[in-house]
Amino acid sequence: MTTITATPRPMRSRFLLDRSEVVGPLFIAPAILYVLVLVGLPFLLALYYSVSAYSIFNPSFAFVGLKNFRDVIDSEIFRRTLVNTLVFTISAQIIGLLLGKIGAMLLMQEFRGRGVARALVVLPWAVPVSLATIAWLWMFDSLYSVINWTLIAVGLVDAANRPQWLGQEDLAMIAVVVVHAWRLFPFGVVIFLAGFTSVPKDVLDAATVDGAGFWRRNYQLILPIIAPIVLIALIFGTVFTFTDLSVVYLLTKGGPINSTQVLGTYAFQVGILSGDVAHGAAICLFLFPFLLVAVILLLRSLRRREI
Amino acid sequence: MAAVTTNEIRKQFGDVVAVDGISLAVRDGEFLVLLGPSGCGKTTFLRIIAGLEKPTSGVILIGGEVVNDVPPRARGVAMVFQNYGLYPHLTVWNNIAFPLKTQGAQRDEIKRKVEWASRLLGINHLAQRRPRQLSGGERQRVALARALVRDPTVFLLDEPLSNLDAKLRASARSELKHFQQTVSTTTIYVTHDQVEAMGMGDRIAVIDRGKLRQIGTPGEIYDDPVDEFVASFLGTPPMNLIERDGGSMGFRPENFLPKELLNGAPVVELPFRIDRVEYLGSEHILYGALDGRVAKREVTAKLPAHATLDGISPGAWHEFAVRETELRFFDRDGRRTDTKGRDR
């Protein structure tokens with residue numbers, strides 16, 4: 052009997068691209084590079100700034116420990132900013148997702164021009180945030196506000212006593228929340244639409260035959276079934292809102308009297324505009340540990356819920 | 034009194050006529066199978082009875098009452114879906130309890146009924162599992178239990194065995210039939226599988242292109258098909274149909290035998306050229322053609338495995354014959370022309 056010995060053939064270079072151990076890293080490299088250079092590096096830099104005494108007037112990397120963090124906690128403006136951030140994030144999330152769900156339910160119905168309606172709904176998302184916010188700026192304008200004009204026309208508001216949307220502390224907060232919820236709304240619609248269409252038809256039919264009414268059908272069957280998808284939306288929405296500064300910065304710049312100041316705008320003001328980079332970094336990173344824990348918890352509960 | 038009666042049910046989706054005037058009466062306690070090829074409208078018809086679709090026209094009666102405007106939950110029907118439609122986030126126990134909860138049943142009544150149904154179907158050990166942790170057969174039983182607890186007037190089953198593998202399907206078939214006999218609830222069962230239909234149905238309603246072709250016992254449907262469609266839809270292989278005098282003549286492969294096996298009764302002789310022999314363990318299937326004088330149509334014969342195959346080999350001619358009583362005749366439009374219902 053002859054033994055067959057495997058003589059290793061010389062690896063030909065023209066098959067190089069057929070080998071996944073070569074092609075894989077090659078394809079992933081751009082993404083990794085991007086994250087390392089544009090996310091990782093600034094993050095590490097911020098970490099270091101936050102424990103140093105760095106400012107643009109005195110660019111020293113002197114290590115000061117957690118002093119910066121103690122300073123910002125002691126600051127009353129910062130504590131107010133923290134509360135504002137929570138109010139801003141949570142209410143915008145709730146309103147955005149709630150409206151998103153209602154919008155998705157309406158867009159699930161068969162009606163003439165549904166395609167157009169679906170396209171229109173996604174518009175707030177497609178429009179650049181700055182343009183959209185500037186449009187809102189006009190709607191909230193002290194003199195030319197179309198909202199006020201309407202309210203006066205319907206007789207809900209007295210012309211002499213018109214609300215100053217961006218000039219009164221409580222109204223300013225409402226205004227930024229409304230604009231941010233408006234921006235989140237299409238995201239909510241898309242998420243819920245995806246969720247609704249993923250519920251098997253058999254399950255819905257079974258619910259109909261079993262006699263489930265509107266509330267039972269929506270809140271005991273559909274919502275729990277699509278919960279994993281909604282939870283993902285919630286995680287993304289929350290993280291993005293916590294770190295967002297565009298809407299607030301364009302509308303109120305954190306005012307009046309810091310009543311709409313959020314972490315993003317405050318960090319920008321302290322770190323960039325005032326040049327106190329170290330304290331700015333500390334403000335930025337303040338919520339990082341909390342967000343990290345929250346995201347991990349949410350992702351874990353997501354895995355448990357997976358159906 | 035009929036449990037379910039439909040009168041001239043029509044359903045149109047745009048220009049497509051899915052159900053084209055089906056009238057039938059399902060007897061109390063009967064197991065009726067709706068049999069037809071995919072897309073023939075049988076599922077749509079079932080969904081109309083359930084109330085999940087509104088008929089374009091026609092009347093549906095359940096238990097003697099017109100239910101056209103009665104919502105599904107109040108029709109007294111329970112349905113088992115092709116993919117079972119189990120609620121994925123609920124445990125087996127809560128799945129079965131769900132229809133009772135929507136009816137506002139008392140807690141102890143729910144408990145009693147869920148336990149009764151689980152025991153009947155042998156799934157009480159699965160109570161705390163979720164659907165994704167169950168096998169196909171177990172899911173099907175959970176779906177049945179959920180249908181059962183509602184004390185329905187009618188069970189509607191939409192191809193409930195089609196997601197099971199072949200082996201499980203055979204045992205599930207007999208279990209299901211046994212289950213239906215135990216609870217003796219009127220059942221309407223949709224399938225495209227003639228073996229299921231023949232094995233389970235008290236009666237079979239054959240549907241094609243939205244029309245009811247024939248309704249009758251499995252024996253009637255098989256032996257006395259009213260038209261060529263029914264004749265060729267049932268049986269594996271289906272009935273041989275050969276052209277004759279502007280119409281056609283049909284005979285079942287198992288009645289097409291070597292002449293020497295048919296002694297006594299008057300027969301029609303048909304010389305048969307065998308092209309191919311298929312051995313299936315319990316039987317042989319012979320593929321070939323008839324003598325050109327009769328028809329050039331390809332025909333099949335089915336011989337029991339123990340029959341001697343002397344002289345039967347591919348390429349050979351052999352004298353085959355069919356008893357006259359086993360012949361069926363159809364006109365140009367495929368309708369039966371000889372007297373329906375022979376002496377039994």
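Those protein sequence lines, which keep their order, are chains Y and W.
Numbering-wise (my numbering), the first sequence opens with residue 52 and increments by one.
Numbering-wise (my numbering), the second sequence opens with residue 34 and increments by one.
Cβ coordinates follow ideal geometry from the N, Cα and C atoms, glycine included.
Y:A143 places its beta carbon 7 Å or farther from that of Y:V250. The C-beta of Y:G166 has fewer than 16 other C-beta atoms within 10 Å across all chains shown, which makes the residue exposed. Interface annotation, Y:T259: in contact with chain W, CB-CB separation under 7 Å. The beta carbon of Y:R213 is closer than 6 Å to those of N199 in its chain, skipping five residues each way along the sequence. The bridge partners DSSP lists for W:K244 are W:D241.
The C-beta separation of W:F284 from W:R361 comes to about 7 Å, placing the pair in contact by the 8 Å criterion. Closest by C-alpha distance to W:T76, out of W:N296, W:V263, W:V175, W:L189, is W:L189.
Note that the C-beta distance between Y:V180 and Y:S297 is below 7 Å.
For W:N116, the nearest CB of chain Y lies under 7 Å from its own CB, placing it at the interface with that chain. One Cα belongs to Y:S111, the other to Y:Y99, and the distance between them is close to 11 Å. In this structure the region 320 to 338 of chain Y does not touch the region 39 to 53 of chain W; the number of beta carbon pairs closer than 8 Å is below three. Taking a Cβ-Cβ threshold of 7 Å, the residues of chain W close to Y:R267 are T135, in chain order.
At a cut-off of 4 residues, the continuous stretches assigned as alpha helix (DSSP H) that sit fully inside the region 70 to 120 of chain Y are 71 to 86, 92 to 101.
Nearest C-alpha to Y:L194 among Y:A211, Y:V90, Y:I242: Y:A211. Setting aside the 5 residues that flank it on each side, Y:Q312 is surrounded in the same chain by T132, N135, G305, each with a C-beta closer than 6 Å to its C-beta; the list follows chain order.
W:A58 carries a strand assignment under DSSP once its states are collapsed to helix, strand and coil.
Residue state for W:W350 is assigned as strand, using DSSP reduced to three classes. Around W:F212, the same chain offers L153, L154, L177 as residues with beta carbons nearer than 8 Å, after the five sequence neighbours per side are excluded. Where Y:G315 is concerned, the enclosing alpha helix (DSSP H) starts and stops at 314 to 318. With a cutoff of 7 Å on beta-carbon distance, W:M231 and W:P251 are scored as near each other.
Contact of Y:L272 with chain W by beta-carbon distance below 9 Å involves Y120, H122, L123, F131.
A distance below 6 Å between beta-carbons, with the five flanking residues on each side excluded, links Y:G151 to the following residues of its chain, in chain order: F236, G239, V240, F243. Here DSSP, grouped into helix, strand and coil, assigns W:F363 to strand. Residue pairing by DSSP leaves W:S265 without any beta bridge partner.
Three or more beta-carbon pairs separated by less than 8 Å link the region 170 to 184 of chain W to the region 113 to 133 of chain W, which places the two stretches in contact. For W:P105, at least one C-beta of chain Y is nearer than 7 Å to its own C-beta. Between Y:R121 and Y:E127, the alpha-carbon positions lie close to 12 Å from each other. In this structure, W:Q45 places its C-beta atom within 7 Å of the C-beta atom of W:T89. Around the beta carbon of Y:W187, a 10 Å sphere encloses 16 or more other beta carbons of the protein chains shown; the residue is thus reported as buried. The beta carbon of Y:I277 sits closer than 6 Å to those of G246, all from its chain and outside the five residues before and after it, given in chain order.
Put simply, the CB of Y:I203 is far from chain W, with every gap to its CB atoms at 7 Å or more. At a cut-off of 7 Å between beta-carbon atoms, W:L85 makes contact with chain Y. Residues of chain W with a Cβ closer than 8 Å to the Cβ of Y:G206 do not exist; the shortest Cβ-Cβ separation is about 44 Å.
Beta-carbon to beta-carbon, W:E352 and W:E302 are separated by about 6 Å, close enough to satisfy the 8 Å threshold.
Taken residue by residue, none of the region 50 to 64 of chain W has a beta-carbon sitting less than 9 Å from a beta-carbon on chain Y.
Around the beta-carbon of W:K87, fewer than 16 other beta-carbon atoms lie within 10 Å, marking it exposed.
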